[in-house]
Amino acid sequence: VSLRPHLDRHLAEPFITPAQLDRWQDAVDALLRHGLFRPPEAE
Numbered sequence: 016v017s018l019r020p021h022l023d024r025h026l027a028e029p030f031i032t033p034a035q036l037d038r039w040q041d042a043v044d045a046l047l048r049h050g051l052f053r054p055p056e057a058e
């Protein structure tokens, strides 16, 4: 990630640690499930 030094400044531990990567993956999954794709509206 080209912005890694900038991300690391704001995190409790480096971005590439397993805990931070899991946190990142959980956030991406939540965005895709709940924020990016909306369920179709009922007709």
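Read left to right, the sequence shown gives residues 16 to 58 (our numbering). Yeah, the Cβ is synthetic: ideal placement off N, Cα and C, and Gly gets one too.
Coarse secondary structure for residue i, derived from DSSP in three states
{"i": "Glu-57", "result": "Note that residue 57 is Ala in the sequence shown here, rather than Glu. The answer is coil: DSSP assigns Ala-57 none of H, G, I, E or B."}
{"i": "Arg-38", "result": "helix"}
{"i": "Leu-51", "result": "helix"}
{"i": "Pro-33", "result": "helix"}
For residue i, the first and last residue of its enclosing alpha helix (DSSP H)
{"i": "Leu-22", "result": "19 to 23"}
Supposed contact pair residue j and residue i - C-beta distance, whole angstroms, cut 8 Å
{"i": "Leu-26", "j": "Gln-35", "result": "6 Å"}
{"i": "Phe-30", "j": "Asp-23", "result": "6 Å"}
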